[in-house]
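Residue numbering for the sequence shown follows our numbering, starting at 16 and increasing by one per position.
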Amino acid sequence: KNMEIIDFKREHIEEASLLAMANYNEERTKVTCLPEVSRIPDLLSFADNGLGVAAFENRKMTGFLCCCSPFEHAFHTEAVGTFSPVHAHGAVKENRAFLYRRMYQKAAEKWAEHKIVSHAVSLYAHDREGLEAFFTCGFGLRCVDAIRPMEPLSFTAPLPLTLSGGIRYEELGKEHQYKIRDLRRMLIEHMGKSPCFMYQSPEEIDQCLIRAESGDSRIFAALSGGSAIACLELSASAETFVSETGGIRNICGAYCLPQHRGKGVYQGLLNHVIETLKAEGWTRLGVDYESINPTAAHFWPKYFESYTSGVVRRIDECALGAIS
Numbered sequence: 016k017n018m019e020i021i022d023f024k025r026e027h028i029e030e031a032s033l034l035a036m037a038n039y040n041e042e043r044t045k046v047t048c049l050p051e052v053s054r055i056p057d058l059l060s061f062a063d064n065g066l067g068v069a070a071f072e073n074r075k076m077t078g079f080l081c082c083c084s085p086f087e088h089a090f091h092t093e094a095v096g097t098f099s100p101v102h103a104h105g106a107v108k109e110n111r112a113f114l115y116r117r118m119y120q121k122a123a124e125k126w127a128e129h130k131i132v133s134h135a136v137s138l139y140a141h142d143r144e145g146l147e148a149f150f151t152c153g154f155g156l157r158c159v160d161a162i163r164p165m166e167p168l169s170f171t172a173p174l175p176l177t178l179s180g181g182i183r184y185e186e187l188g189k190e191h192q193y194k195i196r197d198l199r200r201m202l203i204e205h206m207g208k209s210p211c212f213m214y215q216s217p218e219e220i221d222q223c224l225i226r227a228e229s230g231d232s233r234i235f236a237a238l239s240g241g242s243a244i245a246c247l248e249l250s251a252s253a254e255t256f257v258s259e260t261g262g263i264r265n266i267c268g269a270y271c272l273p274q275h276r277g278k279g280v281y282q283g284l285l286n287h288v289i290e291t292l293k294a295e296g297w298t299r300l301g302v303d304y305e306s307i308n309p310t311a312a313h314f315w316p317k318y319f320e321s322y323t324s325g326v327v328r329r330i331d332e333c334a335l336g337a338i339s
């Protein structure tokens, strides 16, 4: 077939938006909890940064692949990175894996010309062809977005919660956020160890805690004897356009002391949060987590359904010499 891959321009936005919407609705057939959306976020910035491509066959768009403008210190490294959100690319079903491989080849050439070595792309979790295309181009899974209806979990605690020392669940006001400071620190330190390797220095951790405590996220905690043994943070937004739609709240931080895991403590905390939010009128709960974090990757899929798979690739800086 006569495939042509060209620069993504403003005149391609309308066709691309329809393709992105079709891909989202395709995922909705697999993840029925996903909300109906009326439109895909505006693609204008992706057309204007000159880093995207579009694929055409017989003058009909069959795919497009765009990304954000480059940014420094990707994943806390010295690398320049870019990210293609789940709505900033799309492809027809026919020959999708081949399409994505060809589009990435063309787009990655541009990215390398801009010294971008950290490439991240968010794909729909059930798009096997799209995932195969990027896996075969050297990408690996790193991040996951998942969702569930705002309904209580059904779970059986190995031990009755009353035997765990009389646990109390509550939302913490601003003046009581200090109670989860140690949990926040332990979470950051955990993410710095193997196999996550998302290391931050003690000074960076202190700065991170200051930012967190001055933020506007809602905090829920499981308390035992007045001390927090588990915490959960909620925000109004998350990593995908889906999280911005009405009726959704998003988990943006979660930790449970290791000695209290496997006892139903965290499930109880989640149910307290769900009951609170449901009473307020929220209909869905989202979470995003690192698949490279074994604790998270073991826990969240039990209760949430994945709808995106974020894949990443770091190209070798020495390869930039071949581009210049």
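Where is the CB? At the ideal position from N, CA and C, for every residue including glycine.
Closer than 8 Å is the cut-off here; do at least three beta carbon pairs connect the segment 106-115 with the segment 142-149?
yes
Find the nearest neighbour of residue 329 within the set 320, 98, 69 and 274, judged by alpha-carbon distance.
98
Out of 322, 121 and 216, which has the shortest C-alpha to C-alpha gap to residue 163?
322
Taking the CB atoms as reference points, tell me whether residue 311 and residue 272 lie closer together than 8 Å.
no
Near residue 107, which residues of its chain fall below 6 Å by C-beta distance, leaving aside the five closest residues on each side in sequence?
77
For residue 212, count neighbouring C-beta atoms within 10 Å of its own C-beta (all shown protein chains included) and say buried if the count is 16 or more, exposed if not.
exposed
Could you give the first and the last residue of the continuous beta strand (DSSP E) run that contains residue 121?
No beta strand (DSSP E) contains residue 121, which is instead part of the alpha helix (DSSP H) from 111-128.
Quick one: Cα of residue 307 to Cα of residue 120, how far?
26 Å
Contact set for residue 27: own chain, Cβ-Cβ below 8 Å, skip 5 residues either direction:
62, 69, 76 and 79
Inter-stretch contact at 8 Å, needing at least 3 Cβ pairs: the segment 275-294 / the segment 183-201:
Enough Cβ pairs lie closer than 8 Å, so yes.
Which runs of the beta strand (DSSP E) at least 3 residues long sit entirely within the segment 42-87? Give them in chain order.
68-72 and 75-80
Thinking C-beta only, is residue 327 closer than 8 Å to residue 157?
yes
Roughly how many angstroms lie between the CA atoms of residue 178 and residue 34, to the nearest whole one?
Note that residue 178 scores a pLDDT of 44, beneath 50, so its modelled location is shaky and nothing firm can be said.
Can you give the beta carbon distance from residue 247 to residue 266, rounded, assuming they're within the 8 Å contact cut?
6 Å
List the residues that DSSP assigns as beta-bridge partners of residue 265.
DSSP output for residue 265 lists 250 and 301 as bridge partner(s).
Span separating the alpha-carbon of residue 45 from that of residue 39:
Looking at the two C-alpha atoms, the distance is approximately 10 Å.
Output yes or no for whether 8 Å exceeds the beta carbon distance between residue 237 and residue 202.
no
Min CB distance residue 251 to chain D below 8 Å:
Any reference to chain D falls outside this structure, which holds one protein chain only.
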